[in-house]
Amino acid sequence: MTNPLAYLEGELNDLREKGLFRWPRLLEGPQEPVARYDGREVINLSSNNYLGLANHARLKAAARRAVDELGVGSGAVRTIAGNMAIHQELEEELARFKRTEATLLYQSGFAANAGTVAALLSKEDVIISDELNHASIIDGARLSGAEKKIYPHKDVAAARRLLEESRGARRMILITDGVFSMDGDIAPLPDLVSMAEERGAIMMVDDAHASGVMGQHGRGTVDHFHLHGRVHIQVGTLSKAFAGQGGYVAGSRPLVDYLMHRARPLLFSTSHPPSVAASALAAVRLVQEEPELIERLWDNTRFFKNGLSEMGFNTGTSETPITPVMAGEERLASELSDRLFTAGVFALGIVFPTVPRGKARVRTIVTAAHTRTHLQRALDAFERVGRELKLI
Ligand SMILES: *Cc1c(COP(=O)(O)O)cnc(C)c1O
Numbered sequence: 040m041t042n043p044l045a046y047l048e049g050e051l052n053d054l055r056e057k058g059l060f061r062w063p064r065l066l067e068g069p070q071e072p073v074a075r076y077d078g079r080e081v082i083n084l085s086s087n088n089y090l091g092l093a094n095h096a097r098l099k100a101a102a103r104r105a106v107d108e109l110g111v112g113s114g115a116v117r118t119i120a121g122n123m124a125i126h127q128e129l130e131e132e133l134a135r136f137k138r139t140e141a142t143l144l145y146q147s148g149f150a151a152n153a154g155t156v157a158a159l160l161s162k163e164d165v166i167i168s169d170e171l172n173h174a175s176i177i178d179g180a181r182l183s184g185a186e187k188k189i190y191p192h193k194d195v196a197a198a199r200r201l202l203e204e205s206r207g208a209r210r211m212i213l214i215t216d217g218v219f220s221m222d223g224d225i226a227p228l229p230d231l232v233s234m235a236e237e238r239g240a241i242m243m244v245d246d247a248h249a250s251g252v253m254g255q256h257g258r259g260t261v262d263h264f265h266l267h268g269r270v271h272i273q274v275g276t277l278s279k280a281f282a283g284q285g286g287y288v289a290g291s292r293p294l295v296d297y298l299m300h301r302a303r304p305l306l307f308s309t310s311h312p313p314s315v316a317a318s319a320l321a322a323v324r325l326v327q328e329e330p331e332l333i334e335r336l337w338d339n340t341r342f343f344k345n346g347l348s349e350m351g352f353n354t355g356t357s358e359t360p361i362t363p364v365m366a367g368e369e370r371l372a373s374e375l376s377d378r379l380f381t382a383g384v385f386a387l388g389i390v391f392p393t394v395p396r397g398k399a400r401v402r403t404i405v406t407a408a409h410t411r412t413h414l415q416r417a418l419d420a421f422e423r424v425g426r427e428l429k430l431i
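Put into structure tokens, the structure is as follows:
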């Protein structure tokens, strides 16, 4: 009998030959600035745990309390029987945090992007999107059936041309990541927002990497650029700085009401367990009460970035705690990552298809929880390995 999945072996061998076959490293124990991966204690520069909250006592207590009082599961899709008070409480807190009329929870940031774009647009519409936007935006665009027009990264003039040539469309939406996840640069939001306003387009920002990181108390890029009230759809995640799991859309009441009736992740996938909503709620409150968390994140970011630049590494165009160390060739990025790991530093190699071919890199993200000693040790390892590989 032939195995109809036999072709997978060929695909996998192809990946192995190209040095692209990688099984994720195994985290043993909690997500911490120094963590145990694959049996080795390493300085962890690979998580999105920006504020070091993934193992925070107050968040854990909130989750535990929710388990005791509310159980381990919501038991149903939100729109059937799984709409819990804790979900609504979290949405109200997020709306205050984001300074919008309303927010809507999704099971993940991925679901928020894909579900929202697919629900709002259809084949009469045009989606104008930065080429480096997150995969979940691209998937949402595909699902919607709308025409996709992609502009070169952060190219405002090109985006304007696409808006102009799309004038006949029923609806246009201009979508950008607030902070780009592989390069750590920031969208030219004020220009994009003005353009969208001039052309009557819907403006959408995915702030997954900016929430809890940029703007006052981590409200995101819309706050950073003082654009409150001018971005129709803000997407955020609860899975990065807020250290749990989930996504949300922040915007007007009609937007949220509509999505509750039409967004397929809401209609066909079970809502968060109450403990997940409870720890997220605790995180959003904690971040507003302890602004020093975000200050420490940015102090660490400046220290680490300056260190890498002074050694002569190419850190691309980063302006945020996401700092890529550019290697170029795929194998070189993997080699840099492997040697750093042996030297006690976990910084993941990022290669095609996550980034374009020839732009392979090691991506670092410092957190508020790293000490100067951790970061100095990491910089020392980068210097040693960077010399060995002639990157500096
Ligand atoms: C991580 C990420 C998401 C997905 O968020 P999850 O909550 O992890 O599903 C969406 N957009 C961007 C830009 C991201 O970096």
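For what it's worth, this note's numbering labels the leading residue of the sequence shown as 40, then goes sequentially. Glycine residues also receive a C-beta, built at the ideal position from the N, C-alpha and C atoms.
Would you call residue 245 buried or exposed, if buried means 16 or more other Cβ atoms sit within 10 Å of its Cβ?
buried
Is it the case that the CB of residue 247 approaches a heavy atom of ligand 1 more closely than 7 Å?
yes
Sufficient close CB pairs (3 or more, under 8 Å) joining the stretch 139 to 146 to the stretch 160 to 169
no
If I follow the unbroken beta strand (DSSP E) through residue 366, where does it start and stop?
361 to 367
Whole-angstrom Cβ separation of residue 399 and residue 366, contact assumed at under 8 Å?
5 Å
Nearest residue (CA-CA) to residue 229, options 294, 213, 151, 76:
213
Residues bridged to residue 385 [DSSP beta-bridge criterion]
Paired residue(s): 83.
Terminal residues of the alpha helix (DSSP H) in which residue 261 lies:
260 to 263
Can you check whether the CB of residue 123 is closer than 8 Å to the CB of residue 165?
no
Within the present structure, is the beta-carbon of residue 88 separated from the nearest heavy atom of ligand 1 by less than 7 Å?
no
Say the cut is 7 Å; is the CB of residue 279 nearer than that to a heavy atom of ligand 1?
Under cutoff, so the answer is yes.
Please report how far the alpha carbon of residue 132 lies from the alpha carbon of residue 428, in whole angstroms.
48 Å
Out of 201, 72, 317, state which residue places its alpha-carbon closest to the alpha-carbon of residue 414.
72
Please classify residue 243 as buried or exposed, where buried requires at least 16 neighbouring CB atoms within 10 angstroms.
buried
Use the C-beta contact count for residue 117: other C-beta atoms within 10 angstroms, 16 or more gives buried, fewer gives exposed.
buried
When you compare the CB positions of residue 406 and residue 336, do they come within less than 8 Å of one another, or not?
yes
Are the beta-carbon atoms belonging to residue 294 and residue 285 less than 8 Å from one another?
No, Cβ-Cβ distance for residue 294 and residue 285 is not below 8 Å.
For a test of the three-state rule: what should DSSP assign to residue 266, helix, strand or coil?
coil
What do you get for residue 119, buried or exposed, if any count of 16 or more other CB atoms within 10 angstroms of its CB means buried?
exposed
Candidates 395, 325, 342: closest to residue 91 by CA position
325
To the nearest angstrom, report how far apart residue 163 and residue 205 are at their CA atoms.
11 Å
Once the 5 residues before and after residue 134 are set aside, which same chain residues still bring their CB inside 6 Å of it?
141, 142
Quick check: what's the CA-CA separation for residue 317 versus residue 67?
24 Å
Less than 8 Å between the beta carbons of residue 315 and residue 283, yes or no?
Against a cut-off of 8 Å, the Cβ pair of residue 283 and residue 315 comes out as a contact.
Buried or exposed for residue 111, please, with buried defined as at least 16 other CB atoms from any protein chain shown within 10 angstroms of its CB.
The residue is exposed, with fewer than 16 neighbouring Cβ atoms inside 10 Å.
Which ranges would you report for the alpha helix (DSSP H) in the stretch 192 to 275 if only whole runs of at least 4 residues count?
195 to 204, 228 to 238, 260 to 263
Sequence-distant residues of the same chain with beta carbon closer than 8 Å to residue 354, five excluded per side:
Taken in chain order, the residues that qualify are 344, 347, 348, 362, 363, 364, 365.
If we count the other Cβ atoms within 10 Å of its Cβ and call it buried at 16 or more, is residue 40 buried or exposed?
exposed
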